[in-house]
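Student: Using the working numbering, the letters of the sequence shown map in sequence onto residues 1 to 418. Just passing along the structure, written as structure tokens.
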Amino acid sequence: MLASSLHVLPPPSQTRRTALVAALTLCLATGAFAERSPLYFGAGLSAGHDSNVFRAPEGSPQDQSDSYTSAFVLAGIDKPFGRQRFFADATVRRTEFRDLDALSNTGYDLNAGMDWSALDRLSGTLRYGMTRARSQQNLDAAVVTERNLETAREFLARAQYGGEAILALESEYVHRSLDYSASAFTAQENTSDSVRAGLLYRVSGALRLGAGVRYTEGKYPQGVLVSPGVFDEDKYKRRDLDLTARWIPSGASILNARVSFGKQENDAQTSRDFSGTTGSIRWEWQPTGKLRFDTRLSRDTGFESSFLSFGTNNGQAVGDTSRLTTALQIGAIWDITSKIALDADGRYARRSLVNTGGINVDESDRTHLFGLGITYKPTRIAELSCKVSREERNTSGTILTYPYSATVAMCGAQVVLR
Numbered sequence: 001m002l003a004s005s006l007h008v009l010p011p012p013s014q015t016r017r018t019a020l021v022a023a024l025t026l027c028l029a030t031g032a033f034a035e036r037s038p039l040y041f042g043a044g045l046s047a048g049h050d051s052n053v054f055r056a057p058e059g060s061p062q063d064q065s066d067s068y069t070s071a072f073v074l075a076g077i078d079k080p081f082g083r084q085r086f087f088a089d090a091t092v093r094r095t096e097f098r099d100l101d102a103l104s105n106t107g108y109d110l111n112a113g114m115d116w117s118a119l120d121r122l123s124g125t126l127r128y129g130m131t132r133a134r135s136q137q138n139l140d141a142a143v144v145t146e147r148n149l150e151t152a153r154e155f156l157a158r159a160q161y162g163g164e165a166i167l168a169l170e171s172e173y174v175h176r177s178l179d180y181s182a183s184a185f186t187a188q189e190n191t192s193d194s195v196r197a198g199l200l201y202r203v204s205g206a207l208r209l210g211a212g213v214r215y216t217e218g219k220y221p222q223g224v225l226v227s228p229g230v231f232d233e234d235k236y237k238r239r240d241l242d243l244t245a246r247w248i249p250s251g252a253s254i255l256n257a258r259v260s261f262g263k264q265e266n267d268a269q270t271s272r273d274f275s276g277t278t279g280s281i282r283w284e285w286q287p288t289g290k291l292r293f294d295t296r297l298s299r300d301t302g303f304e305s306s307f308l309s310f311g312t313n314n315g316q317a318v319g320d321t322s323r324l325t326t327a328l329q330i331g332a333i334w335d336i337t338s339k340i341a342l343d344a345d346g347r348y349a350r351r352s353l354v355n356t357g358g359i360n361v362d363e364s365d366r367t368h369l370f371g372l373g374i375t376y377k378p379t380r381i382a383e384l385s386c387k388v389s390r391e392e393r394n395t396s397g398t399i400l401t402y403p404y405s406a407t408v409a410m411c412g413a414q415v416v417l418r
């Protein structure tokens with residue numbers, strides 16, 4: 001062991017040359033980052049406590065609290081070239097629970113794509129994303145205590161012809177899928193493919209309206225229980241008429257809206273069928289240079305609602321097994337100083353639930369979540385933060401869902417080099 005730790009020193013002249021090369025390399029690297037390198041790297045560490053890890057009813061045996069630590073590393077690139085832009089980033093996260101160590105897991109967020117433009121009026125986007133995170137969902141009124149990792153994937157290809165002309169054509173293809181590691185969630189796994197074509201009309205520089213048709217085919221690969229341990233697939237088709245609007249009334253406000261009239265029909269589990277109005281609204285408002293609001297309202301089937309927050313879920317699972325979900329989410333950030341910021345967010349979701357196990361039961365639940373956090377940036381690359389959130393769920397019945405409450409507190413630090 002001692003011999004292996006000994007090193008032979010180079011001659012003094014070689015040492016000076018090595019030091020000179022190292023100094024020049026450091027200077028060149030520093031200059032490269034000073035010119036805003038397209039590459040960025042980061043790492044972070046956080047610790048937290050969850051008062052109800054399994055989101056179980058209060059007082060039940062599964063109503064358990066635990067502390068956890070989480071560490072992550074990330075790397076990415078954001079590189080424009082000509083009229084194109086390439087971007088990619090990857091985050092790998094390891095979470096360790098103190099007592100419930102069977103829940104410890106490794107998750108990740110991957111995202112890559114390109115914004116492209118050609119022939120003056122032709123442009124589009126290619127994007128692929130994949131996330132893996134621990135899911136806190138439960139099956140009907142049964143609390144699931146085994147580790148359940150959710151993997152969500154989305155591929156999007158969008159093209160537009162017309163640029164800023166009064167009329168423009170737009171087309172889109174989207175592939176989505178949800179998978180779970182726990183065998184109890186086999187019937188909830190889903191995959192879908194959708195195509196959309198539409199027309200955009202520029203009313204003014206601030207307002208653009210759109211209309212289009214969307215067709216979706218999907219399936220639950222093991223959505224129907226034929227016999228114990230034997231499943232069959234449940235295919236479905238969905239047709240939508242989409243009306244969209246993008247309004248920028250001022251430099252401080254952006255409003256995006258979609259209203260859809262559609263119908264979904266399932267081959268086997270007809271209780272999942274849906275016909276009616278869905279849609280979403282997002283309003284981004286910055287009334288002052290230090291205050292920002294982000295408000296989102298949505299109404300859609302559970303699978304579609306799952307992907308409304310895809311890409312911005314920050315390591316959280318996105319799965320939603322409801323027949324229909326109506327949700328309102330409001331977030332606010334207040335920059336108290338150039339280094340300190342407060343953030344608050346609230347979310348309300350009402351889920352319409354149906355039983356896919358044979359008994360005709362309809363129930364609903366309402367989930368409220370509120371969080372408050374503070375962020376301190378001592379330098380341009382470093383960030384310290386703490387946040388406390390409270391989550392509660394109320395129900396109309398106890399067959400398909402149940403009430404619970406949970407409080408989560410966490411603090412963390414991260415460094416990102418650009």
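We put the beta carbon where it would ideally sit given N, CA and C, even for glycine. These numbers come from a predicted model, not from an experiment.
Which value, in whole angstroms, describes the spacing of the CA atoms of G198 and L122?
Tutor: If I take the Cα positions, the gap works out to 15 Å.
Student: Considering G302, what are the terminal residues of the alpha helix (DSSP H) in which it resides?
Tutor: Run containing G302: 302 to 306, per the alpha helix (DSSP H) assignment.
Student: Around the Cβ of S70, are there at least 16 other Cβ atoms within 10 angstroms (buried) or fewer (exposed)?
Tutor: Under this definition S70 is a buried residue.
Student: Just the C-alpha distance for S192 and Q222, rounded to the nearest angstrom, thanks.
Tutor: In a straight line, the C-alpha of S192 is about 14 Å away from that of Q222.
Student: Just curious, the beta strand (DSSP E) that F185 is in, first and last residue?
Tutor: Careful: F185 lies outside any beta strand (DSSP E) and carries neither H nor E.
Student: Going along the chain, which residues of its own chain have a beta-carbon closer than 7 Å to the beta-carbon of V259, five neighbours each way excluded?
Tutor: Result list for V259: L243, T277, G279, in chain order.
Student: Taking the alpha carbon of V388 as the point to measure from, which residue in V174, H49, Y40 has its own alpha carbon closest?
Tutor: Comparing Cα positions, the closest option is H49.
Student: Pick out whichever of R208, R127, I381 has its Cα sitting closest to the Cα of A168.
Tutor: The option with the nearest alpha carbon to A168 is R208.
Student: Where S46 and C411 are concerned, what is the direct C-alpha to C-alpha distance, given to the nearest angstrom?
Tutor: Roughly 6 Å between the two C-alpha positions.
Student: So, at 7 Å on beta carbons, what are the nonlocal neighbours of S364 in its own chain, with the 5 sequence-adjacent residues on each side left out?
Tutor: Excluding sequence neighbours, S364 sits near R350, R351, S352, L353, S396.
Student: Run through DSSP, which three-state label would A102 get?
Tutor: Looking at A102 - three-state DSSP - the assignment turns out to be helix.
Student: Classify R272 as helix, strand or coil using the three-state DSSP reduction.
Tutor: Looking at R272 - three-state DSSP - the assignment turns out to be helix.
Student: I need the straight-line Cα distance from L369 to E391, nearest angstrom please.
Tutor: One C-alpha to the other measures close to 4 Å.
Student: In this structure, what does DSSP give as the bridge partners for R380?
Tutor: None, per the DSSP bridge assignment.
Student: So, does the region 372 to 382 touch the region 394 to 409, judging by three or more C-beta pairs under 8 Å?
Tutor: They do not touch, by the three-pair rule.
Student: Using the beta-carbon count (16 or more within 10 Å), is P228 buried or exposed?
Tutor: By the 10 Å Cβ count, P228 comes out exposed.
Student: Is A152 helix, strand or coil when you go by DSSP?
Tutor: Strand, per DSSP.
Student: Pick from R239, L178, R55: whose alpha carbon is nearest that of F274?
Tutor: Here the closest residue by C-alpha is R239.
Student: Among residues of its own chain, excluding the 5 on either side of R127, which ones have a beta-carbon nearer than 7 Å to its beta-carbon?
Tutor: Excluding sequence neighbours, R127 sits near G113, L156.
Student: Are the beta-carbon atoms belonging to A268 and V230 less than 8 Å from one another?
Tutor: Going by C-beta atoms, A268 is not nearer than 8 Å to V230.
Student: Consult DSSP for Q84 and reduce its assignment to one of helix, strand or coil.
Tutor: Reduced to three states, the DSSP call for Q84 is strand.
Student: I need the straight-line Cα distance from S104 to G212, nearest angstrom please.
Tutor: The straight-line gap from Cα to Cα measures roughly 45 Å.
Student: Alpha carbon to alpha carbon, how far is Q264 from Y220?
Tutor: In a straight line, the C-alpha of Q264 is about 14 Å away from that of Y220.
Student: Is the Cβ-Cβ distance between T111 and A133 less than 8 Å?
Tutor: Per the sequence shown, the amino acid found at residue 111 is Asn instead of Thr. Against a cut-off of 8 Å, the Cβ pair of A133 and N111 comes out as no contact.
Student: Expressed to the nearest angstrom, what Euclidean distance is found between the alpha-carbon atoms of G107 and L417?
Tutor: One C-alpha to the other measures close to 22 Å.
Student: Assign L135 to one of three DSSP states: helix, strand, or coil.
Tutor: It should be noted that the sequence gives Ser, not Leu, for residue 135. In the structure shown, S135 sits in coil (DSSP, three-state: anything other than H, G, I, E or B).
Student: In angstroms with no decimal places, state the Cα-to-Cα distance between N355 and D362.
Tutor: Looking at the two C-alpha atoms, the distance is approximately 7 Å.
Student: Rounded to whole angstroms, what is the Cα-Cα separation between A142 and G262?
Tutor: Between A142 and G262, the C-alpha separation is close to 32 Å.
Student: What ranges does the beta strand (DSSP E) occupy inside the region 226 to 297, keeping only unbroken runs of at least 3 residues that lie completely in it?
Tutor: You should have 230 to 250, 253 to 266, 274 to 288.
Student: Pick from A118, E172, T216, F41: whose alpha carbon is nearest that of G82?
Tutor: Ranking A118, E172, T216, F41 by Cα distance to G82 puts A118 first.
Student: For D120, is the classification buried or exposed, using 16 other Cβ atoms within 10 angstroms of its Cβ as the cut-off for buried?
Tutor: Exposed.
Student: Helix, strand or coil for R55, going by three-state DSSP, please let me know.
Tutor: If DSSP states are grouped into helix, strand and coil, R55 belongs with coil.
Student: So, is Y173 buried or exposed, given that buried needs 16 or more other C-beta atoms within 10 angstroms?
Tutor: The residue in question, Y173, is exposed, as its Cβ has fewer than 16 Cβ neighbours within 10 Å.
Student: Just to confirm the assignment, what range does the beta strand (DSSP E) spanning I330 have?
Tutor: 324 to 335 is the extent of the beta strand (DSSP E) around I330.
Student: Under three-state DSSP, which class holds D352?
Tutor: The question names Asp, but residue 352 in the sequence shown is Ser. Strand.
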